[in-house]
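Chemist:
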Amino acid sequence: MKIMLLSAATGGGHLRAAHAVEQYIREHTDHEVVSVDTLKAIGKPLDKTVCGSYLFMAKKTPKLFGRLYKDTNKQNHFSDLVPRLCKLFSGKLMKSVEEEKPDAIITTHPFAAEMVGALKKDGHITCPLICVVTDYGPHRAYIVDQVDAYITASDHMLPGMTAFGAPQSKVHPFGIPVHEVFFAPGDREGFLREQELDPGLPTLLFMAGSFGVSNIISLYRELEATDVKMQIIVITGRNKKLYEAFETELAAGSKLPTRLVYFTNEVEKYMHASDLLVTKPGGLTVSEALACNLPMAVFDAIPGQEEDNADFLASHGMGIRLKKDGDFAAEISGLIKDKDQLLTMRKSCEKFDKSQSIPQMLELIQELTGDAERQDSL
Numbered sequence: 005m006k007i008m009l010l011s012a013a014t015g016g017g018h019l020r021a022a023h024a025v026e027q028y029i030r031e032h033t034d035h036e037v038v039s040v041d042t043l044k045a046i047g048k049p050l051d052k053t054v055c056g057s058y059l060f061m062a063k064k065t066p067k068l069f070g071r072l073y074k075d076t077n078k079q080n081h082f083s084d085l086v087p088r089l090c091k092l093f094s095g096k097l098m099k100s101v102e103e104e105k106p107d108a109i110i111t112t113h114p115f116a117a118e119m120v121g122a123l124k125k126d127g128h129i130t131c132p133l134i135c136v137v138t139d140y141g142p143h144r145a146y147i148v149d150q151v152d153a154y155i156t157a158s159d160h161m162l163p164g165m166t167a168f169g170a171p172q173s174k175v176h177p178f179g180i181p182v183h184e185v186f187f188a189p190g191d192r193e194g195f196l197r198e199q200e201l202d203p204g205l206p207t208l209l210f211m212a213g214s215f216g217v218s219n220i221i222s223l224y225r226e227l228e229a230t231d232v233k234m235q236i237i238v239i240t241g242r243n244k245k246l247y248e249a250f251e252t253e254l255a256a257g258s259k260l261p262t263r264l265v266y267f268t269n270e271v272e273k274y275m276h277a278s279d280l281l282v283t284k285p286g287g288l289t290v291s292e293a294l295a296c297n298l299p300m301a302v303f304d305a306i307p308g309q310e311e312d313n314a315d316f317l318a319s320h321g322m323g324i325r326l327k328k329d330g331d332f333a334a335e336i337s338g339l340i341k342d343k344d345q346l347l348t349m350r351k352s353c354e355k356f357d358k359s360q361s362i363p364q365m366l367e368l369i370q371e372l373t374g375d376a377e378r379q380d381s382l
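Each residue of the sequence shown is one higher than the one before, counting from 5 in the working numbering.
1. Apart from the five residues on each side of it in sequence, which residues of its chain come closer than 8 Å, Cβ to Cβ, to N313?
2. Under 8 Å by Cβ, that's how I've got I155 and V137 pegged, so tell me the actual separation to the nearest angstrom.
3. Report the rounded CA-to-CA distance for M161 versus P87, giving the unit in angstroms.
4. Have a look at H183, E367, G321 and flag the residue whose alpha-carbon is nearest the alpha-carbon of E272.
5. If you draw a straight line from the alpha carbon of R378 to that of K6, how long is it in whole angstroms?
6. Just reading off the alpha helix (DSSP H) that K233 is part of, what are its end residues?
7. Anyone know if the C-beta pair for S158 and L208 falls short of 8 Å?
8. Using a Cβ-Cβ cut-off of 6 Å (strictly less than) and excluding sequence neighbours within five positions of E36, which residues of its own chain qualify?
9. Determine the DSSP secondary structure at T59, reduced to helix, strand or coil.
10. Report yes if the C-beta distance between M211 and L254 is below 8 Å; otherwise report no.
11. Which one of H18, D331, P66 has the shortest CA to CA distance from F115?
12. Does K358 pass the burial test, meaning 16 or more other C-beta atoms within 10 Å, or should it be called exposed?
13. Closer than 8 Å is the cut-off here; do at least three beta carbon pairs connect the segment 231-238 with the segment 160-175?
14. In the DSSP output, what is E36 paired with across the bridge?
15. On the DSSP letters alone, give me the boundaries of the alpha helix (DSSP H) that C353 sits inside.
16. Just reading off the alpha helix (DSSP H) that Y140 is part of, what are its end residues?
17. Quick check: T166 and C135, are their CB atoms within less than 8 Å of each other?
18. Drop a sphere of 10 angstroms on the beta-carbon of D126, count the other beta-carbons inside from all chains shown, and report buried for 16 or more, exposed for fewer.
19. Which complete beta strand (DSSP E) runs does the segment 156-219 hold, if anything under 3 residues is left out?
20. Considering only C-alpha positions, which residue in the set E311, N297, L372, R144 is nearest to S352?
21. Could you check the C-alpha separation between H105 and C131 for me, to the nearest Å?
22. What's the gap between the Cα of E1 and the Cα of R192?
23. Rounded to the nearest angstrom, what separates A376 and G190 at their Cα positions?
24. Which runs of the alpha helix (DSSP H) at least 4 residues long sit entirely within the segment 66-136? Give them in chain order.
25. The beta strand (DSSP E) that contains L280, what's its start and end?
26. I'd like the span of the alpha helix (DSSP H) that includes M365, first residue to last.
27. Which first and last residues belong to the beta strand (DSSP E) in which L264 is found?
28. Going straight from the alpha carbon of A22 to that of L339, what length do you get?
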């Protein structure tokens, strides 16, 4: 069986989910798999416009982004704009589909689902379409009549999905796909020693690449001013300006043992070694942390899907929401000191076990394509 993965780079989460599925298929099955960036396949101008607009609004005008998110989540003329535009561009995606001739298509971005749905509706594609929703709240843009199955983060999304028109029988709460490494705890003590940190100290992980420089430095200083014993790992991602600012900060001296990390492909090791994660609540970051059974303190949520993600964590006892006008240092230090609460949060993360998301999805695809029946008859 040949499986086609369609995603887009409006935020890294859609691509990370697709890559997790692709890697699992390559390492554990005999299926063929091909991964395509939907917007790039259609054309660089569209990809640059859509991705650039998303990044600009999410970072520079989050309130406007939130209004657009909410408006497109309502049944109105504005919400119909995305399907109309996707149908307009779907013909250009057809070339990639014709070249690959997949037996099934998995999308991890709503635009890709809309485009494939339009092609299915017109009879150009007949294979099953599986749509992965990569956040913890449903959005109308994901709902397409021609979708054969929706993969959601958990069963709490079922009422919202059906309210938007998705048949209950098509909604499968397998969990958002993440790489296997996040489910496999390594040698925590050995890794911390490797990082010149103390395995006996509570470890706070900052995934800070999306934060403003002055903002995150200020929060770090607030933590320094507390009397709580802890150590901190700061991952700045490819935010060079933030990394250099932290280098300057640490060179001036810090009473908190701190490990500064630029971009890393081993974020799971830092998550497994930590007791609490401070981060923005992106869908894949949340899913990866949950796979590591790592409690979260989230803030600076972009209005829209990140707020849904933050609310999900808080309502299920796996994280807390930090208010912009709240006492950041008091809330974080209070959590670090309250070992019982942290343990309770970690146990809630453990109960939320979505380690079988990708295998369950592949079993479902075999059912939809009839591949399972063919295998049984051999």
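Using N, Cα and C, we set each Cβ at its ideal position, and we do this for glycine too.
Modeler: This is what the structure gives:
1. On the sequence shown, position 309 is the one that residue 313 refers to. Excluding positions up to five away in sequence, the list reads D139, Y140, G141, P285, G286, G287, V290, V302, A305.
2. For this step, residue 155 is matched to residue 151 along the sequence shown. For this step, residue 137 is matched to residue 133 along the sequence shown. Right, the Cβ-Cβ distance comes to about 7 Å (below 8 Å), so this counts as a contact.
3. Position 157 of the sequence shown holds residue 161. Position 83 of the sequence shown holds residue 87. Taking the straight line joining both Cα atoms gives about 22 Å.
4. Reading the sequence shown from its first residue, position 268 is the one you call residue 272. Of the candidates H183, E367, G321, the one whose C-alpha sits nearest the C-alpha of E272 is H183.
5. Sequence index remark: in the sequence shown, residue 378 carries index 374 (1-based). Sequence index remark: in the sequence shown, residue 6 carries index 2 (1-based). With a pLDDT of 47 at R378, under the threshold of 50, the modelled position of that residue is not reliable, and the figure given next carries that caveat. The straight-line gap from Cα to Cα measures roughly 15 Å.
6. Along the sequence shown, one-based indexing puts residue 233 at 229. Taken as a continuous stretch (DSSP letters only), K233 belongs to no alpha helix (DSSP H), as it is neither H nor E.
7. As a first step, residue 158 is located in the sequence shown; it is residue number 154 there, counting from the start. As a first step, residue 208 is located in the sequence shown; it is residue number 204 there, counting from the start. It is not a contact, given that the beta carbons lie outside the stated cut-off.
8. Taking the first residue of the sequence shown as 1, we reach residue 36 at position 32. Excluding positions up to five away in sequence, the list reads K6.
9. One-based indexing of the sequence shown puts residue 59 at position 55. Here residue 59 is Leu; the residue named in the question, Thr, does not match the sequence. Helix.
10. As a position in the sequence shown, residue 211 is number 207, starting the count at 1. As a position in the sequence shown, residue 254 is number 250, starting the count at 1. It is not a contact, given that the beta carbons lie outside the stated cut-off.
11. Residue 115 sits at position 111 when you count from the first residue of the sequence shown. Ranking the options by Cα distance to F115, first place goes to H18.
12. The residue given as residue 358 occupies position 354 in the sequence shown. It is buried - the Cβ of K358 has at least 16 other Cβ atoms within 10 Å.
13. no
14. By one-based count along the sequence shown, residue 36 stands at place 32. According to DSSP, E36 bridges with K6.
15. Within the sequence shown, numbered from 1, the residue matching residue 353 stands at position 349. Note, C353: alpha helix (DSSP H), 343-355.
16. Here residue 140 refers to the residue found at position 136 of the sequence shown. No alpha helix (DSSP H) holds Y140; DSSP gives it neither H nor E.
17. On the sequence shown, position 162 is the one that residue 166 refers to. On the sequence shown, position 131 is the one that residue 135 refers to. Not closer than 8 Å, so no.
18. Taking the sequence shown and counting its residues from 1, one reaches residue 126 at position 122. Burial call: exposed.
19. 207-211
20. As a first step, residue 352 must be located in the sequence shown, where it is residue number 348. Nearest of E311, N297, L372, R144 to S352, Cα basis: N297.
21. For the purposes of this step, residue 105 is taken as the residue at position 101 of the sequence shown. For the purposes of this step, residue 131 is taken as the residue at position 127 of the sequence shown. Going by the sequence as given, residue 105 is Lys instead of His. Near 9 Å, if we compare the C-alpha coordinates of C131 and K105.
22. Beyond the ends of the chain as shown, which are 5 and 382, falls residue 1; an answer cannot be given.
23. Locating residue 376 in the sequence shown gives position 372, counting from the first residue. Locating residue 190 in the sequence shown gives position 186, counting from the first residue. Here the model assigns A376 a pLDDT of 48, short of 50, so the residue's position is not dependable, and the following value carries that caveat. Approximately 35 Å, taken between the alpha carbons.
24. 66-76, 85-104, 114-125
25. The residue given as residue 280 occupies position 276 in the sequence shown. Here the beta strand (DSSP E) through L280 covers 280-283.
26. Along the sequence shown, read from residue 1 onward, the residue named residue 365 stands at position 361. It spans 361-373 - the alpha helix (DSSP H) in which M365 sits, taken as one unbroken run.
27. On the sequence shown, position 260 is the one that residue 264 refers to. Run containing L264: 262-265, per the beta strand (DSSP E) assignment.
28. Within the sequence shown, numbered from 1, the residue matching residue 22 stands at position 18. Within the sequence shown, numbered from 1, the residue matching residue 339 stands at position 335. Going from the Cα of A22 to the Cα of L339 covers about 34 Å.
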